[in-house]
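Our numbering applies: residue 800 is where the sequence shown begins, and numbers increase by one.
The beta carbon of each residue, even a glycine, is placed where N, CA and C say it ideally should be.
Just so it is clear, the structure is predicted and the values come from calculations on it, not from any experiment.
See structure below.
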Amino acid sequence: MLYRVRGILTPFLLAFALSYLMNPVVTYLEKRGAPRGLGTLVIYVGFTLFVTLFALYLVPRFLVQLERLAEVLPQQAGSIQSRLAGFYLRFSRFNIPEPVKGAIDNGIERAEEALAGFVERALGSVPGLLPRLGLLILVPVLAFYLTMDFPELKMWLLSWIPDRWRSDIVGLMIEMDNSLGSFIRGQLLISAIVGILIAVGLSIMGVDFALIIGLIAGIFNIVPYFGPIIGAVPAVVFALLKSPLTAVYVVLLFAVVNQVESSIISPNILGEHVGLHPVTVIFSIISGGYLFGILGVILAVPVTSIVKVTLRYVHNKLLQ
């Protein structure tokens, strides 16, 4: 039943998520003296204008690059392999072990297959987006009303919870919001910044399909540890089409952006992280990817954080 109505539910779920992300900004304006309705209107008018201009400028260019990528990708596979052969010959005096060569070739082959699959799915989804465009336009409208009445919405939801559980549920929700809400908002902003930096850097280097690679890098930047590596693979593949030296510059670009993100951008935007041990993060990412694919990899850390907060809260309540 839910599968059949997913197209109808999707705009409402997206609107609620957008409202949740925007509510702190509106609340801040409200505390500064702006009426909640006016603050909500200003935020969403600005948001809608930004998204519209962004889409009008980038979407046509993105689709052109996507179509061109679908055309040239099969042709360029052999070119990459021949360039690698020349690279191995040039550095033959270093006696690069055969297992290392095999690992490089295998990694690039898998990257080509994954990229080809991404392009095919992306192009295939474009016609299906047009009928849903009307529903997607509803998202900012619904989010506007949800954000404007967010305090009343919270009170209405709480009214459905029995009195004996209400204080516990409220306490748990507050702890989740404090631990995870700011992290999600900050991580989305950081990923957007990283994607833009990568796209601009690749464009300056003259690497083809910089917009697509920047989008991939931004999306996977959400994934700790592995994300920058996943984002760098297609960039290196296309840099090899120019020259091995360009590929080296691309690796340096990703290393510099990753260093700037971890030492400057993240501390200033996120402040405190979700407090998960690195082993827990790696385990959650591997488990999420194994069970749910790419979506599981992206959502692994937030879901694990929710589980951690819930277990900690229940444990503290049991000790009282």
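Under the three-state DSSP convention, the category residue i falls into
i	result
Lys1041	coil
Asp976	helix
Ala1034	helix
His1076	coil
Val1022	coil
Gly838	helix
Val999	helix
Leu801	Since pLDDT at Leu801 reaches only 49, below the 50 mark, its modelled position is unreliable, and the value read off the structure follows with that caveat. Looking at Leu801 - three-state DSSP - the assignment turns out to be coil, as it is neither helix nor strand.
Ile1093	helix
Arg965	helix
Ile1068	helix
Ser867	A small fix is needed here, since residue 867 is Arg in this sequence, not Ser. Helix.
Ile960	coil
Ala814	helix
Val1056	helix
Gly1088	helix
Arg1111	helix
Arg1120	With the chain covering 800 to 1119 only, the question about residue 1120 has no answer from this structure.
Top-ranked residue by Cα proximity to residue i, from the options
i	options	result
Val1100	Arg1111, Gly1087, Leu971, Ile842	Gly1087
Gly1092	Leu957, Val1022, Ile936	Val1022
Gly1017	Ser1083, Leu996, Asp1007	Leu996
Thr851	Pro939, Pro834, Val1059, Thr809	Pro939
Gly994	Leu1075, Ile1029, Thr839	Ile1029
Val1106	Lys1116, Leu1090, Ser1083, Leu1094	Ser1083
Leu1075	Trp955, Ile1003, Leu979	Leu979
Thr809	Thr826, Ile936, Phe861	Ile936
Ile992	Trp955, Gly1095, Val1059, Trp964	Val1059
With 16 other Cβ atoms within 10 Å as the buried cut-off, status of residue i
i	result
Phe1037	buried
Leu801	Caution applies to Leu801, whose pLDDT of 49 falls short of 50 and renders its modelled position unreliable; the value that the coordinates give is listed next. The residue in question, Leu801, is exposed, as its Cβ has fewer than 16 Cβ neighbours within 10 Å.
Asn977	exposed
Glu866	exposed
Glu951	exposed
Gly1005	exposed
Ser1104	buried
Ser1061	exposed
Val844	exposed
Ile1015	buried
Ala1054	exposed
Ser966	exposed
Val858	exposed
Leu1044	exposed
Val1049	buried
Gly832	exposed
The ligand ADP heavy atom lying under 8 Å from the CB of residue i
i	result
Val1056	For the structure depicted, the ligand ADP is absent and the ligand set is empty, with no information on it obtainable.
CB-CB length for residue i against residue j, believed under 8 Å
i	j	result
Ser1042	Asn1020	The Cβ separation is near 26 Å, so there is no contact.
Ile1081	Tyr1024	7 Å
Ala814	Ala942	4 Å
Pro1027	Asn1057	5 Å
Leu828	Gly838	4 Å
Val1108	Met975	5 Å
Ala1046	Leu1052	Contact flag wrong, Cβ pair sits at about 10 Å.
C-beta neighbour in chain B for residue i, strict 9 Å
i	result
Phe1091	Going by chain labels, chain B is absent from the structure shown, which holds only one protein chain.
>> Can you confirm whether the region 1030-1048 touches the region 1006-1021 when touching is taken to mean that 3 or more C-beta pairs between the two stretches lie within less than 8 Å?
In response: yes
> How about the region 1050-1070 and the region 965-985: do they share at least three Cβ pairs that are nearer than 8 Å?
Replying inline: yes
> How about the region 944-961 and the region 818-832: do they share at least three Cβ pairs that are nearer than 8 Å?
Replying inline: Between the region 944-961 and the region 818-832 there are three or more inter-stretch CB-CB distances shorter than 8 Å, so the stretches are counted as touching.
> Looking at C-beta atoms only, is the number of pairs between the region 1101-1119 and the region 964-972 that lie closer than 8 Å three or more?
Replying inline: Of all C-beta pairs linking the region 1101-1119 to the region 964-972, three or more are shorter than 8 Å, placing the two stretches in contact.
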